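For the sequence shown, the numbering used here assigns the number 75 to the initial residue and increments by one for each residue that follows. Don't be surprised by glycine CBs; every beta carbon is placed ideally from N, CA and C. Given the structure is predicted, the values throughout are model-derived calculations rather than measurements. The structure appears right after this line, and notes come after that.
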Amino acid sequence: MSIEAQLPARLGDYELIDFGQGRVLERWGDWLLERPDPGAAGEPALSEWEPDWIYVSGIGEPGRWQACGPGQPDCWPVRLPGFEAECCLGPGGRAGPRPREFLAARWAAERLEGCYHIDDLHVLSLFGAEGVPTAAALEAGARVTHVDADGAALAEVRARLGKAGVDYVQDGVLNFVEGAIRRQERYDLILINAPRTTYGGAAIPWDSEIDLPRLIKALPKLVSRDCRGIWLSTLDDAWTTRALAQLLREVLPGRTLEALELGVALGGRSLPAGRAVCWFDETDFLLTGSTPLTAAQLEERIEPFMTSGGAAEAPARALAELDRSQQDFVLRWMEATARTATGIAYQFVSHAARAFRLMDEEGVEAWLIHCLDIYDTSGLHAAAQAFRDLEGFARARKARASGVAFDDLANMLESFVQGLNGRRLKLEAADGLPWTDTETLFLPRVLDRMGNREANFRLMKAMAVHLWAQTWYGTWRLDPGDELARFPEPGPA
């Protein structure tokens with residue numbers, strides 16, 4: 075379901091006066107302009123329009139601006155909310171910033187407000203146009219990369235906003251994005267106001283059905299870990315907000331998607347200004363906080379990573395019992411692992427709460443990396459088994475913390491045993507009790523019977539000596555029952 079996002083009819087020196095029959099009447103500063111607009115449906119409210127400039131075009135003829143009186147300028151300064159601009163009459167009926175730029179700027183300011191946890195906010199503005207969103211991002215304290223293929227428009231924005239805090243890039247959007255990915259650049263907010271057909275002063279063709287999906291598929295390689303969101307708008311009626319949202323959901327699952335029908339409100343009517351989809355984290359999961367997230371909030375976040383509908387409910391309830399830092403840890407790793415395989419993210423989320431009951435954060439991370447290693451070498455089925463064997467991993471980790479591992483001692487023990495009588499014996503790890511076949515000493519894989527590592531190390535050496543003695547003196551051939559029968563009390567013996 076789409077939400078209406080509208081601007082008022084008046085914004086500083088701009089005012090929407092009337093619209094209908096495919097045309098609009100606007101005031102820019104002291105001058106009235108009449109121009110075409112495909113979204114201006116219905117009948118005008120006013121019986122007569124008296125513009126100072128009118129954009130006219132004929133069949134097979136290029137359009138042009140026509141003055142309705144003498145001595146009228148074709149470019150003049152205007153003041154807009156938080157923004158000073160030039161209203162210059164351009165090709166295609168262009169005159170000043172489009173309404174959706176102001177809506178994008180308003181959204182960007184909201185998303186960047188209070189981002190004190192990000193040291194260097196970096197915003198990417200694609201199809202930068204008049205620079206309204208760029209100005210809003212600068213005002214919020216961000217550093218902006220402003221990309222536009224139109225050199226003249228880029229120069230105008232640079233003249234208005236200055237050089238401080240903005241990287242101005244004259245390039246085609248897809249070409250720039252490919253380069254940014256090669257340079258491994260990441261952005262904390264991405265603003266995209268895609269054109270209908272052409273851009274860069276109408277010099278670069280834009281096939282919305284082909285180029286927009288290409289651009290969206292590149293977004294996962296551009297967002298930072300703490301990305302505050304993506305604004306994606308288009309004027310192309312071929313794209314519905316539902317279709318745009320689906321494309322974003324496929325490449326960047328796990329966040330809130332808000333569909334917006336953009337417009338300018340006028341006397342109970344609305345002049346369409348395009349449509350947009352916003353990708354963001356409405357509960358600010360990545361911000362530092364102490365209040366744990368509720369099961370409902372968690373369920374909404376992890377639902378896209380589940381393999382079937384309703385599967386998120388049980389993990390969400392379990393994760394709701396964790397503290398906030400543990401929840402944030404799980405959610406960050408969920409998104410990271412989903413870029414490798416959604417099945418891995420599902421397995422991790424399903425077992426994460428239980429993992430935190432058995433281990434600290436360092437242990438949980440070690441367990442996850444262990445499972446990822448198994449996925450890389452043996453595939454998803456083996457990795458899923460490793461996720462389920464959580465208790466076994468936790469026991470082994472606990473044993474390693476105070477115990478000793480055979481692999482860490484094998485070389486030293488082999489030299490030690492050989493030094494007892496000069497005979498070289500093989501040593502191997504075994505599950506269960508230590509034993510020997512006279513050629514090989516089988517010692518515990520992990521030994522954690524004593525209270526600390528030093529004591530366990532001495533016990534491992536004692537086991538090795540005992541097994542060596544069996545091979546040297548032949549005690550491995552004795553019957554334990556017969557030997558114990560020689561003692562008055564076989565049990566204690």
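Using CA atoms only, rank isn't needed, just tell me which of the options is closest to residue i.
i, options, result
"K237", "A475, T545, T219 and S131", "T219"
"A410", "R299, D434, K472 and E513", "R299"
"A79", "R174, P508, E158 and T208", "R174"
"S344", "R431, A114, W127 and W102", "A114"
"R200", "L106, F157 and L289", "Per the sequence shown, residue 200 should be read as Leu rather than Arg. Per the Cα distances, L289."
"D105", "S76, R138, L81 and A169", "According to the sequence provided, residue 105 is Trp. The question's Asp does not apply to it. Of S76, R138, L81 and A169, the residue nearest in Cα terms is A169."
"N526", "A475, D556, P294 and Q492", "A475"
"A394", "T414, F430, F379 and E557", "F430"
"P366", "P378, P155, S399 and G202", "S399"
"D355", "L163, L186 and G493", "L186"
"P147", "C161, P136, G137 and L154", "C161"
"E204", "G303, L541, L334 and L163", "L163"
"L248", "L507, A268, Y261 and V231", "A268"
"A440", "A427, F467 and Y129", "F467"
"S307", "P287, G337, A339 and V351", "V351"
"I266", "G225, V251 and M537", "V251"
"P518", "E528, A529 and E502", "E502"
"E465", "L432, H455, A484 and N495", "L432"
"A292", "L107, G253, G328 and T414", "G253"
"N495", "R523, W546, A473 and W509", "W546"
"R256", "L405, G166, K295 and D434", "K295"
"D126", "P136, Q95, R101 and G116", "R101"
Does the beta-carbon of residue i have 16 or more other beta-carbons within 10 angstroms, so that it is buried, or is it exposed?
i, result
"T271", "exposed"
"D450", "exposed"
"Y640", "Only positions 75 to 567 of the chain appear in this structure, which leaves residue 640 out of reach."
"T314", "exposed"
"F359", "Confidence in F359 is poor, its pLDDT being 44 and thus under 50, which makes the residue's placement too unreliable to answer from."
"L90", "buried"
"R532", "exposed"
"E40", "Residue 40 lies beyond the stretch modelled for the chain, which goes from 75 to 567, so this question has no answer here."
"P346", "buried"
"F561", "exposed"
"D424", "Here residue 424 is Ser; the residue named in the question, Asp, does not match the sequence. The residue is buried, with at least 16 neighbouring Cβ atoms inside 10 Å."
"A233", "exposed"
"C142", "exposed"
"T362", "Residue placement at T362 is flagged as unreliable, the pLDDT there being 43, under the threshold of 50; the coordinate-derived value follows with that caveat. The residue in question, T362, is exposed, as its Cβ has fewer than 16 Cβ neighbours within 10 Å."
"A341", "In the sequence as presented, Ala is not what sits at residue 341; that position holds Gly. By the neighbour-count rule (16 or more Cβ atoms within 10 Å), G341 is not buried but exposed."
"A210", "buried"
"Y88", "buried"
"C149", "exposed"
"H540", "exposed"
"R109", "buried"
"E528", "exposed"
"I77", "exposed"
Among all the DSSP beta bridges, which residues are the ones paired with residue i?
i, result
"E160", "P151"
"W509", "F516"
"D241", "T219"
"L81", "V338"
"D139", "One detail in the question is off: residue 139 reads as Trp in this sequence, not Asp. Answer is Y129, bridged to W139."
"A504", "P518"
"T330", "F354"
"R498", "R498 is not bridged to any residue."
How many Å lie between residue i and residue j at the Cα?
i, j, result
"G453", "T416", "13 Å"
"T330", "A319", "10 Å"
"L322", "I264", "13 Å"
"A543", "K500", "14 Å"
"G437", "R471", "8 Å"
"P389", "A412", "16 Å"
"D285", "W407", "31 Å"
"L581", "A457", "Outside the shown range of the chain, which is 75 to 567, sits residue 581, and nothing can be said about it."
"W181", "A216", "14 Å"
"F93", "A370", "44 Å"
"E283", "Q258", "27 Å"
"R462", "D447", "15 Å"
"F480", "A427", "31 Å"
"A312", "G103", "34 Å"
"L120", "T208", "36 Å"
"L515", "A504", "9 Å"
"L85", "L212", "20 Å"
"G565", "K535", "25 Å"
"P155", "A333", "25 Å"
"G225", "Q401", "47 Å"
Measuring only between beta-carbons, confirm whether residue i sits less than 8 Å from chain B.
i, result
"R174", "The displayed structure is made up of one protein chain only, and chain B is not part of it."
Any heavy atom of the ligand MN inside 7 Å of the beta-carbon of residue i?
i, result
"W441", "The ligand MN is not part of the structure shown, which contains no ligands of any sort."
field: beta strand (DSSP E) runs wholly inside the stretch 84-132, at least 3 long, in chain order
entry: 88-94, 97-102, 105-110 and 127-130
Start-end ranges of the alpha helix (DSSP H) lying completely within the stretch 226-305, minimum 4 residues: 247-256 and 282-292
task: Would you list, in sequence order, the uninterrupted alpha helix (DSSP H) runs of no fewer than 4 residues that lie entirely inside the stretch 376-447?
output: 387-393, 398-412 and 416-432
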